[in-house]
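Working notes, structure below.
Numbering (the working numbering), first residue to last: 3 to 391.
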């Protein structure tokens, strides 16, 4: 399968030096250092061009009608973050170490068990025993212990399509916060109305994150399909088009599915949470959008479940059993069989039970909708669909 290729044209979307200075001096970046374009290209040229490729597509797929959006690399601070710099200028900040972690994770998983078999890559099994470990603990180990995974980067058959899809989703998520007016809303007097209590604040935050998730899914689908049609499909022999089209789509769906695991793994390098920090309800909302977008674009929606299962099976290959993973992407239902320990399973009942809990976010969205409409900078908001809360 040919990989998509980073563009070699001039870098047009990196933050100009004066915005880099403002980002650093304004204190909102939370970074120790913000790299200028010259610094970033001299140290991280490959990653800069990956970002530029995504941004070029975003400006086409979801143009910002009011203001400008750039990206910049930072040292320290949060891994990925959208920040306002001027009234109509925003910068998506990214730590190159986090981007490298994404490359490490996606490369390592591709040479393990089920994923190596499905993508026909060279198998490179770990020397470490992960038996009985939780999914997030395994992911963190793969991300932060590069000495365990270095050999997998060079293994035969590893594709960057999974990495690029994950990165694209993360960038699109931050971009959606800007386009849908979330950052403007947070800086407005209207925001206070939705943060009167801790519970109120958390519901508002979840609702905004789910809106950004939905937009990120749609945008990533659009960009990855466009890249395939324009840059990859023409290079595929006619007799292999159907086979490799299916493989490419599965690869980018694996990348999208891994995005939440990746971001949760970065949330606390030194912490070992037993359960998934992202609520399962949010994951279900994400999956529902994924299914709807795939169906609307004429893509076999079975790929969505195949991608989830392939990710889970690869972690099960390391841990030994799905019940060990303690993660709702792997098992959303506990089944009691006799007097033994409950067994984790992934069932449609668990999925639809979680979907029923989306009502509160839907009601909060109905209240947010007219306010966010005032701050909208690009695209369109999902219509309200429930009584306000």
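Glycine is no exception: its CB is placed at the ideal position from the N, C-alpha and C atoms.
Open item on the list: Quick check: the Cα distance between residue 339 and residue 88, rounded to an integer number of angstroms?
Closed with: Start at 1 with the first residue of the chain shown, and residue 339 comes out as number 337. Start at 1 with the first residue of the chain shown, and residue 88 comes out as number 86. In this model, residue 339 and residue 88 are separated by some 59 Å (Cα to Cα).
TODO: Tell whether a beta-carbon distance below 8 Å holds between residue 64 and residue 218.
DONE: In the chain shown, counting from the first residue as 1, residue 64 sits at position 62. In the chain shown, counting from the first residue as 1, residue 218 sits at position 216. Cβ distance not < 8 Å, so residue 64 and residue 218 don't count as in contact.
TODO: Measure the Cβ-Cβ separation of residue 85 and residue 23 and say whether it is below 8 Å.
DONE: What you label residue 85 is simply residue 83 of the chain shown in a count that begins at 1. What you label residue 23 is simply residue 21 of the chain shown in a count that begins at 1. It is not a contact, given that the beta carbons lie outside the stated cut-off.
Task: 6 Å CB neighbourhood of residue 385 in its chain, flanking five on each side removed - done: Along the chain shown, one-based indexing puts residue 385 at 383. There are no such residues.
Task: For residue 80, three-class secondary structure by DSSP - done: Start at 1 with the first residue of the chain shown, and residue 80 comes out as number 78. Reduced to three states, the DSSP call for residue 80 is coil.
Open item on the list: Rounded to whole angstroms, what is the Cα-Cα separation between residue 311 and residue 332?
Closed with: The sequence position of residue 311 within the chain shown is 309, counting from 1. The sequence position of residue 332 within the chain shown is 330, counting from 1. Between residue 311 and residue 332, the C-alpha separation is close to 8 Å.
Task: As assigned by DSSP and simplified to three states, the class of residue 96 - done: Mapped onto the chain shown, residue 96 falls at position 94. Strand.
Task: residue 70 versus 76, 77, 58, residue with shortest Cα-Cα distance - done: Numbered from 1 along the chain shown, position 68 holds the residue referred to as residue 70. For residue 70, the nearest C-alpha among the options comes from 58.
Open item on the list: Just to confirm before moving on: does the CB-CB distance between residue 205 and residue 366 stay below 8 Å?
Closed with: What you label residue 205 is simply residue 203 of the chain shown in a count that begins at 1. What you label residue 366 is simply residue 364 of the chain shown in a count that begins at 1. Result yes, Cβ atoms of residue 205 and residue 366 sit closer than 8 Å.
Open item on the list: Using only CA atoms, which one of 317, 134, 369, 127 lies nearest to residue 197?
Closed with: Position 195 of the chain shown holds residue 197. For the residues 317, 134, 369, 127, the minimum Cα distance to residue 197 belongs to 369.
- [ ] Could you check the C-alpha separation between residue 162 and residue 133 for me, to the nearest Å?
- [x] Your numbering for residue 162 matches position 160 in the chain shown. Your numbering for residue 133 matches position 131 in the chain shown. Approximately 28 Å, taken between the alpha carbons.
Task: Where residue 130 falls, given that 16 or more other Cβ within 10 Å makes a residue buried - done: Counting from one through the chain shown, the residue named residue 130 turns up at place 128. With fewer than 16 other Cβ atoms within 10 Å, it is exposed.
Open item on the list: Among 223, 360, 164, 373, whose alpha-carbon lies nearest the alpha-carbon of residue 193?
Closed with: One-based indexing of the chain shown puts residue 193 at position 191. The option with the nearest alpha carbon to residue 193 is 373.
Task: 8 Å Cβ cutoff met for residue 261 and residue 172 - done: Residue mapping note: residue 261 aligns to position 259 of the chain shown, counting from 1. Residue mapping note: residue 172 aligns to position 170 of the chain shown, counting from 1. Yes; because the gap between Cβ atoms is below 8 Å, this pair is in contact.
Task: the segment 115-129 contacting the segment 48-55, beta-carbon criterion three pairs below 8 Å - done: no
- [ ] Provide the residue span of the beta strand (DSSP E) that contains residue 335, from first to last.
- [x] Residue numbering aside, residue 335 sits at position 333 when the chain shown is read from its first letter. Here the beta strand (DSSP E) through residue 335 covers 335-337.
TODO: Return the Cβ separation of residue 214 and residue 179 in integer angstroms, given the expectation that the two are a contact with Cβ distance under 8 Å.
DONE: Within the chain shown, the letter at position 212 stands for residue 214. Within the chain shown, the letter at position 177 stands for residue 179. That belief holds up - the Cβ atoms of residue 214 and residue 179 are roughly 5 Å apart, short of 8 Å.
Open item on the list: Assuming residue 347 is part of the beta strand (DSSP E), what are its boundary residues?
Closed with: Your numbering for residue 347 matches position 345 in the chain shown. Counting along the chain, the beta strand (DSSP E) containing residue 347 begins and ends at 345-347.
Open item on the list: Can you confirm whether the segment 240-257 touches the segment 220-231 when touching is taken to mean that 3 or more C-beta pairs between the two stretches lie within less than 8 Å?
Closed with: yes
Open item on the list: Here's the rule: buried if 16 or more other CB atoms are within 10 angstroms of the residue's CB, otherwise exposed. What is residue 297?
Closed with: If you number the chain shown from 1, residue 297 lands on position 295. With fewer than 16 other Cβ atoms within 10 Å, it is exposed.
Task: Rounded straight-line distance, which links the Cα of residue 73 to that of residue 186 - done: Against the chain shown, residue 186 aligns to sequence position 184. Against the chain shown, residue 73 aligns to sequence position 71. The alpha-carbon atoms of residue 186 and residue 73 are separated by roughly 18 Å.
Task: From 184, 348, 174, residue whose alpha carbon lies closest to that of residue 220 - done: Against the chain shown, residue 220 aligns to sequence position 218. Measuring from the Cα of residue 220, the nearest candidate turns out to be 174.
- [ ] Could you round the C-beta distance between residue 165 and residue 203 to whole angstroms and report it? I think they count as a contact, below 8 Å.
- [x] As a first step, residue 165 must be located in the chain shown, where it is residue number 163. As a first step, residue 203 must be located in the chain shown, where it is residue number 201. Not confirmed; about 34 Å, so no contact.
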